[in-house]
Every structure is written in C-alpha cells, then in structure tokens.
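Reviewing the structure listed below.
In the working numbering, the protein residues as written are 81 to 433.
Below, the structure is given as structure tokens:
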C-alpha cells in the first residue's frame, strides 16, 4: 500500500484515514493484507493498531460491483469489546421498566390518555411477548457469535401505547458488510418468524385467552384489522411484527446498519437523517387527516432514538467483499415490509376509496 494522503477522523470511530494505492492483488488476499498493514504501521508508530479496509465514499451513484472503486485504510487503536456489569444492569433495569409498563397498560390512566391499545381492565400476554424478545435477542447473539461480531445486552424500550417496543442492541464492528447485515437482520427476522407462528396458532387453534382492544386502533394500520376481542397469541404476534418493523426503520440502529451494508455509509447517514424528520412529519399529516393518535408512536420512537440509540454505527472491518445478491434481496424486502407495516396512515382503507 502506497499512501498519498492521511486525515484524522473522529466519528463514528476515532482514527486516521489514509488514501492511496494498493499493490496489484493485495485486495484478493484480505487477511494477509490486513495483517501486513497492522504489523507495519504498529512497528512505525511503536504501539499496536487495528486496520480496516473501507470503501472510499464518493458523491453520486456508484455501482456496487465496479473495479473502479477505491478503498481507504482506516487506522485506529484496537478496542477490547467485552461485556461489563453496567451494561447488564442497564439492560435488566430497562426490561423491568418495560414489563411494568406492559403489566399496568390496561390500568394506567397515563397510558389510556396516550392512546393505549388495551381497554381498561384488560392485560397484555406477557409470556408470549417476553418469548418474542428472547427469540430476537437469541438470534442476534447466535448470529454475532458465528459471524465474528460481539453481542451486547440490549436496552429494552417501553411504550405507553403497547407496553414494549423491542430492544436496542449496541452496534459493534462486524468483519464485513455481509456479516453486519446478517447480524442487523437476525433479530427482527427471527421475531417475524416467531410472530407469524403465534398468529397462525392463535387463529387456527386459539389460546383460550383474550384481550380487549380499543376501537379503532390508531397506532399502526395493521392493528385496525384485529377484532376488539382478540386472541392473546394473535395480538402477541402482531405486536412482534410491530416491534421488528420499528427496529428496521432507516433511522433505527438495525435499519441503518442494513442500509449502510447495502448502499454505503454516506447514503445510510443521509437516509437516516431524512427519515428521522420525515417519519414524524408524515405522522402529523396523518393525525390532521385521520385522528390525533396517529402521530404519537412516530414521535415516541423519535424520542427513544434520540436518547437510547447511537448516532453512527461502526464500520465493518472490511468493505471490499460484496454483499451476495440473495442477501441483498432479503434485506430490501425486509426494509420495505417494515416501513409499510408501521407507515403512519390507515393503508387498510385505501381499497375502499
């Protein structure tokens, strides 16, 4: 590698970005290239460093599989990513808050005033909802462990409308764009699969337990398709789809990592910025047209993202290898489905217009 420029970078990680030219064939043997760069730079600086091979961000459309793409060397002090007692305590505390919020959803005056989905006196199916959260986190843990990333305990997100909105897992650097995409999608997709199973069982067999819902439900349009006297497992499945879909919005951490893996860091940043404003604004338009409670969830989610989500996900260790076409198709379909599911407009009424 022959460096032609170097500049300091602070976000999303602190280090030095070096541009230049790689020797012929260097990018065809990435492990060896990274090892040689780390050894050489560490010897020059006198302390150990970690090296990432990142795709140079350029303005304008760039084909994802072009031989004209250029790459940069990002040099940083290696970080030891381990579990700590503080993050575990915060995760457990947030889970307790969510469970309390869900348990008292039907009896809390504040939740009822904020548009709680439950009628007074009714209760959420806590066991199935807790199972969905466990399935999502287990899938993320297994994906991270098998793909060389680090799993960290999530911060669970309460909601005065539905009790719990899922969990935010701190993003850690993955080996490649493909592995980062897989880790980001693992939790929501596992939750989708488990939710579909709950809905199927609750519809065809039934759990024998029911919850009473407000009518109409103005938090998300799929909820309006449910009966007011709803099987508990059917509701749990629908809420699972709701939680997974919110996690895949472009301004949510998992959604942003997915977009970053597909389109690049610069595009993901711009799309996240647009969505962070456009989603609440769209909900205001819907509230003006369809009722006040359509705006509550997008603004609540925006508040959660501001306070609990990281601004910039870390880049993978290398951005040279391409994301397989199959994985890209699954990712795009998942992102589109998630956005349509939580679109703040009564889409179920469009067919009757």
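Ideal Cβ placement from N, Cα and C applies to all residues, glycine included.
Remember, predicted model here, so these are calculated numbers, not experimental data.
In chain order, what residues of the same chain have a beta carbon less than 8 Å from the beta carbon of residue 170, not counting five sequence neighbours either side?
-> 233 and 235
Within 10 angstroms of the Cβ of residue 160, are there 16 or more other Cβ atoms? Answer buried if so, exposed if not.
-> exposed
Hey, could you find the ends of the beta strand (DSSP E) residue 101 is sitting in?
-> Residue 101: member of the beta strand (DSSP E) spanning 95-101, first to last residue.
Take residue 228 and list the residues in its own chain whose beta-carbon comes closer than 6 Å to its own, dropping the five residues that flank it on each side.
-> 255
Would you list the one or two residues that DSSP bridges to residue 86?
-> Partner(s): 98.
C-alpha gap between residue 340 and residue 292, whole angstroms = Straight-line Cα distance between these residues: approximately 41 Å.
Nearest to residue 218 (by Cα), restricted to the options 150, 268, 136 and 295 | 268
Identify the residues that DSSP records as bridge partners of residue 156: which are they?
-> 130
In whole angstroms, what is the alpha-carbon distance linking residue 211 and residue 113?
-> 44 Å
Inter-residue spacing [alpha-carbon to alpha-carbon] between residue 108 and residue 390 | 33 Å
Based on Cα-Cα distance, which residue from 313, 303 and 403 lies nearest to residue 289?
-> Closest by alpha carbon: 313.
Return the Cβ separation of residue 200 and residue 186 in integer angstroms, given the expectation that the two are a contact with Cβ distance under 8 Å.
-> 6 Å
Run of the beta strand (DSSP E) containing residue 311, from where it starts to where it stops = 309-311
3 or more residues per run - each beta strand (DSSP E) lying fully within the stretch 198-264 = 235-239 and 243-248
With burial defined as no fewer than 16 other Cβ atoms inside 10 Å of the residue's Cβ, what is the status of residue 311: buried or exposed?
-> buried
Contained alpha helix (DSSP H) runs [length at least 4] in the stretch 308-346, N- to C-terminal order | 312-327 and 333-343
Any 3 or more C-beta pairs closer than 8 Å across the stretch 259-267 and the stretch 329-337 = Under the 8 Å Cβ criterion, the stretch 259-267 counts as touching the stretch 329-337, having at least three qualifying pairs.
Flag this pair as touching only if the stretch 316-330 and the stretch 237-250 have three or more C-beta atom pairs under 8 Å; answer yes or no.
-> yes
Apart from the five residues just before and just after residue 250, which ones in its own chain have a Cβ nearer than 6 Å to its Cβ?
-> 232
Do you know offhand how far residue 368's Cα is from residue 195's?
-> Separation of residue 368 and residue 195 (C-alpha to C-alpha, rounded to the nearest whole angstrom) is 16 Å.
Could you check how far apart the C-beta atoms of residue 373 and residue 299 are, in whole angstroms? I think they sit under 8 Å.
-> 6 Å
For residue 184, name the three-state secondary structure that DSSP assigns.
-> Three-state DSSP puts residue 184 in coil, outside helix and strand.
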